[in-house]
Amino acid sequence: MSTQTATPAHARPSGLDQLIRIAADQPLSPDCDHFYFLRHGQTGRNVLRIFQAVDEPLSELGLQQAARAATLLAGEPIRTVVCSDARRANDTAYAVATALKLVPAAQATLRERNFGALIGTSSANIDWACEPEGGETLSQFIARTREAIDTALRLPAPVLVVAHGGTLYALAALLGVPVDLGLLGNAQPLRFERRGPTWAVTPLLRHADGDAALA
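First residue of the sequence shown? That's 20 in this note's numbering, and the numbers climb one at a time after it.
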């Protein structure tokens, strides 16, 4: 599965087209030819669709998802793990890094977008183009994320970045990869790979016999 087919416009969260346009004006061009990305495991507020603070913990299912992701990534040649310092991402990263015998480097710059006064309210009808009081504008979030990812991907490769759903939206747009909502699941390991002049993303899955594989 890849993101070669863009999500239909009617299915996109409001403001996503604006996110893509902003990112296209400042594309990311990593020197590496591939890297890995992992969204954090599920939290209670993910289920309730509520904007989260940085201290939101993983749910019991989220802990299980992190452990599964660790199993899927254990056989990959990852040399560096970088993560958001938000609790949900940090704890997910530690589960994976432990299996890889690495120590994750936590970075505040990899946090989810700061939605300011909206934190604690419903995110069911999220509008990425909003300008929340006390939070970040979309342009500010994309610029911060671009700098954080660019810095992370300069570390010893292959690199695994553990962060958030918003980070994944921004990252895909910065690389010119069409956004596929099917890849946004909690703790779904993804491999980003350069194919000629373009980038593609593929989920890391597990065969019935227990071997991890790209599919």
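Backbone N, C-alpha and C define an ideal beta-carbon position, used for all residues, glycine too.
Sequence-distant residues of its chain with Cβ nearer than 7 Å to residue i (five each side left out)
i, result
"Ile41", "Leu157, Ser158, Ile161"
"Ala93", "Ala118, Leu119"
"Ser142", "Arg68, Ile69, Phe70"
"Phe56", "Val180, Leu187, Leu190, Leu209, Phe211"
"Leu172", "Pro49, Cys51, Phe54, Val178"
Terminal residues of the alpha helix (DSSP H) in which residue i lies
i, result
"Arg87", "79–92"
"Ser236", "For the chain, the structure presents residues 20 to 234; residue 236 sits outside this window and is missing."
"Arg163", "157–171"
"Leu38", "35–43"
"Ala247", "Here the chain comprises residues numbered 20 to 234, so residue 247 is not present and cannot be evaluated."
"Leu203", "Premise fails: Leu203 is in no alpha helix (DSSP H) and is neither H nor E."
"Arg64", "63–67"
Residues near residue i in its chain [Cβ-Cβ closer than 8 Å; skip 5 each side]
i, result
"Ala43", "Ala192, Gly195"
"Thr140", "Ile69, Phe70"
"Glu75", "Thr62, Gly63, Arg64, Ala105, Arg106, Arg107"
"Pro96", "Pro177"
"Ala227", "Low confidence applies here, because Ala227 scores a pLDDT of 39, under 50, leaving its location unreliable and the question unanswered by this model."
Chain-order list of residues whose beta-carbon lies under 6 Å from that of residue i (same chain, five-residue window excluded)
i, result
"Gly135", "Pro151, Glu152, Gly153, Gly154"
"Cys102", "Ala108, Asn109, Ala112, Pro123, Ala125, Val181"
"Pro175", "Arg98, Thr99"
"Gly34", "Asp146, Trp147, Ala148"
"Ala72", "Ile138"
Cβ separation of residue i and residue j, assumed to be a contact under 8 Å, to the nearest whole Å
i, j, result
"Gly7", "Asn205", "Residue 7 lies beyond the residue range present for the chain, which begins at 20 and ends at 234; the question has no answer from this structure."
"Ala189", "Thr164", "4 Å"
"Leu203", "Leu179", "Actually they are not in contact, since the Cβ atoms of Leu203 and Leu179 sit about 17 Å apart, beyond 8 Å."
"Ile168", "Leu47", "6 Å"
"Ala88", "Val115", "6 Å"
"Leu91", "Ala85", "About 11 Å separates the two Cβ atoms, so there is no contact after all."
Start and end residues, beta strand (DSSP E) containing residue i
i, result
"Thr117", "Not the beta strand (DSSP E): Thr117 falls in the alpha helix (DSSP H), residues 106–119."
"Glu212", "209–214"
"Leu57", "53–58"
"Ala125", "124–126"
Residue i, buried or exposed, once every other Cβ within 10 Å from all chains shown has been counted against 16
i, result
"Asn144", "exposed"
"Gly60", "buried"
"Leu129", "buried"
"Leu224", "exposed"
"Gly201", "exposed"
"Pro49", "buried"
"Ala127", "exposed"
"Arg58", "buried"
"Gly184", "buried"
Check: residue i C-beta below 7 Å from any heavy atom of the ligand COA
i, result
"Ser103", "With respect to small molecules bound, the structure shown includes none, and the ligand COA cannot be examined in it."
Checklist entry - Are the stretch 126–134 and the stretch 207–220 touching by the rule of at least three beta carbon pairs closer than 8 Å? => result no
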